[in-house]
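Residue numbers (our numbering): 18 to 527.
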Ligand SMILES: [Zn+2]
Ligand SMILES: [Zn+2]
């Protein structure tokens with residue numbers, strides 16, 4: 018009797034026993050010795066080669082064919098090295114304890130079982146990427162729909178009173194006897210993208226290569242190693258935090274993701290993860306690159322702790338998320354930011370990337386150059402020219418003079434709020450004639466501006482008589498508040514769209 022297509026070793030052994038009219042345990046004792054303890058372990062990972070040889074003799078199936086039913090035969094295609102006693106990459110652990118199974122590790126598709134002339138369990142149903150059936154477009158299950166027990170098909174004939182196990186017993190629950198083929202399908206929604214991704218994964222494993230990342234035939238191992246690195250990067254705590262900003266993917270289901278490997282995650286979490294992966298890897302690397310920029314994902318978080326990062330993944334995160342950024346020239350930055358604004362879109366690096374496919378790297382300005390100082394003052398001049406209301410104009414002139422004096426004399430927000438004309442004279446002994454063709458750059462020029470303001474503009478804000486401060490509030494009719502200085506400064510920077518400029522007043526006087 019031959020194993021069926023993609024049949025799992027344990028499934029085949031059970032069918033073999035039942036076909037010969039034996040219970041599983043009886044046949045195994047007869048064939049492999051009474052001390053045979055194959056069911057005390059994860060037989061699909063650990064069956065000794067001698068046992069397979071004996072099974073080959075009685076079944077007529079070749080040893081090569083039987084070997085292909087084991088999970089270790091995926092070595093070289095799905096994982097580099099089979100590690101039977103630890104956690105094996107991509108294999109869902111079943112947590113064997115004596116003969117019982119503590120945690121679900123074997124899955125099934127009720128529809129597949131129903132359609133099988135002789136129902137059997139697939140090797141794929143032990144793999145961590147298998148969460149849906151692409152053929153039937155439905156969820157895989159990993160517990161009995163009737164009693165919630167993990168699957169343990171080798172135990173299903175233990176309760177049976179009949180000497181000859183009936184057919185189909187292997188797909189009945191060992192605990193409650195429920196026939197998995199009678200599962201009533203729960204309504205659920207599967208995204209088309211997710212189903213296609215599942216097909217791609219299974220196809221890659223079947224044929225040993227995949228069309229991926231501009232490579233027409235990437236070795237499946239390279240593909241799967243890269244996917245696992247991507248999973249580690251996406252599920253890292255820091256990345257999950259940043260992914261909350263995404264408008265495209267929801268990470269609700271990922272919030273309790275285990276740190277020790279995604280193979281330990283429960284089936285619903287893994288299903289959600291692969292649904293996200295399907296979106297993230299769509300038209301690789303386009304969707305992922307968009308996500309990196311949208312959520313500002315970082316190289317350090319995406320690289321995970323794995324050293325195995327195939328080029329197709331490493332190249333992308335290195336180029337797009339690395340801290341080693343090539344800075345954008347000022348000219349280029351300005352032309353791109355102007356073009357973004359020309360579309361009436363609020364400027365951001367993400368928008369720039371979206372509209373022009375150009376990644377911008379710049380540091381927010383920590384100190385302000387004289388050029389930017391001029392730029393801000395000229396922008397305020399333009400605002401003044403556009404403003405018809407005389408009081409509003411006076412407020413803008415106050416701001417301009419205040420920022421200029423603050424900058425030149427290195428006055429803090431508090432200094433500006435308290436500034437009196439006596440204090441100005443104390444700070445600057447000499448003066449010159451006020452010149453409005455050039456912005457004040459020297460203390461003497463700054464003093465001239467303040468004096469001009471004091472004489473010509475200040476009264477328009479109608480301060481109370483007793484008020485001594487130079488800069489006053491139009492509402493309060495008293496000296497301007499320290500916090501208002503900061504707020505007015507931020508307003509000026511934002512209103513004039515000086516994106517790269519730090520909006521904190523303190524950077525202005527650095
Ligand atoms: Zn199916
Ligand atoms: Zn059950």
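Don't be surprised by glycine CBs; every beta carbon is placed ideally from N, CA and C. Quick caveat: nothing in here was measured; it's all calculated off a predicted structure.
If you draw a straight line from the C-alpha of residue i to the C-alpha of residue j, how long is it?
| i | j | result |
| --- | --- | --- |
| residue 503 | residue 522 | 6 Å |
| residue 505 | residue 464 | 21 Å |
| residue 136 | residue 184 | 9 Å |
| residue 80 | residue 169 | 25 Å |
| residue 418 | residue 440 | 16 Å |
| residue 329 | residue 34 | 46 Å |
| residue 454 | residue 318 | 52 Å |
| residue 342 | residue 268 | Because the pLDDT of residue 342 is 49, which lies under 50, any placement of that residue in the model is unreliable, and the number read from its coordinates should be weighed accordingly. Cα to Cα, residue 342 sits roughly 28 Å from residue 268. |
| residue 423 | residue 434 | 10 Å |
| residue 302 | residue 230 | 7 Å |
| residue 163 | residue 335 | 49 Å |
| residue 132 | residue 306 | 42 Å |
| residue 481 | residue 490 | 10 Å |
| residue 300 | residue 159 | 31 Å |
| residue 147 | residue 396 | 60 Å |
| residue 462 | residue 385 | 19 Å |
| residue 21 | residue 312 | 46 Å |
| residue 61 | residue 128 | 23 Å |
| residue 54 | residue 122 | 19 Å |
| residue 244 | residue 96 | 11 Å |
| residue 401 | residue 261 | 42 Å |
| residue 138 | residue 171 | 12 Å |
Relative to the C-alpha of residue i, which residue among the options is closest?
| i | options | result |
| --- | --- | --- |
| residue 259 | 228, 216, 309 | 309 |
| residue 215 | 230, 394, 145 | 145 |
| residue 314 | 286, 255, 142, 287 | 255 |
| residue 197 | 206, 205, 187 | 187 |
| residue 153 | 205, 106, 173 | 205 |
| residue 263 | 202, 242, 297 | 297 |
| residue 241 | 286, 56, 92, 396 | 92 |
| residue 58 | 236, 112, 253 | 112 |
| residue 276 | 295, 287, 253 | 253 |
| residue 459 | 157, 447, 469 | 447 |
| residue 156 | 77, 333, 124 | 124 |
| residue 430 | 22, 390, 525, 228 | 525 |
| residue 140 | 167, 88, 106 | 88 |
| residue 239 | 248, 227, 250, 249 | 227 |
| residue 432 | 486, 21, 284 | 486 |
| residue 278 | 201, 247, 428, 161 | 247 |
| residue 74 | 456, 90, 48, 54 | 48 |
| residue 497 | 62, 466, 416 | 416 |
| residue 174 | 501, 468, 36 | 36 |
| residue 203 | 126, 495, 105 | 126 |
Is it buried or exposed, residue i, if we count other Cβ atoms within 10 angstroms and call 16 or more buried?
| i | result |
| --- | --- |
| residue 512 | exposed |
| residue 31 | buried |
| residue 326 | buried |
| residue 109 | buried |
| residue 18 | exposed |
| residue 208 | exposed |
| residue 405 | exposed |
| residue 399 | exposed |
| residue 527 | exposed |
| residue 50 | exposed |
| residue 293 | buried |
| residue 442 | exposed |
| residue 508 | exposed |
| residue 165 | exposed |
| residue 333 | buried |
| residue 510 | buried |
| residue 483 | exposed |
| residue 200 | buried |
Q. What residue ranges within the region 69-156 form continuous alpha helix (DSSP H) runs of no fewer than 4 residues, ordered along the chain?
A. 80-84, 127-132
Q. Do the region 92-102 and the region 38-53 touch if we need at least three Cβ pairs shorter than 8 Å?
A. no
Q: Determine contact between the region 205-214 and the region 64-84, defined as no fewer than three beta-carbon pairs at a distance below 8 Å.
A: no
(Q) Count Cβ pairs between the region 217-224 and the region 187-203 that sit closer than 8 Å; are there 3 or more? (A) The answer is no - the region 187-203 does not touch the region 217-224, with fewer than three Cβ pairs under 8 Å.
Q: Taking only runs that begin and end inside the region 445-485, name each unbroken alpha helix (DSSP H) of 4 or more residues, in chain order.
A: 460-473
(Q) Below 8 Å, how does it come out for the region 472-479 and the region 406-422: are there three or more Cβ pairs, yes or no? (A) yes
Q. Counting pairs of Cβ atoms below 8 Å between the region 81-95 and the region 21-31, do you hit three or more?
A. yes
Q: Counting only runs of 4+ residues fully inside the region 245-281, write out the alpha helix (DSSP H) ranges in chain order.
A: 254-260
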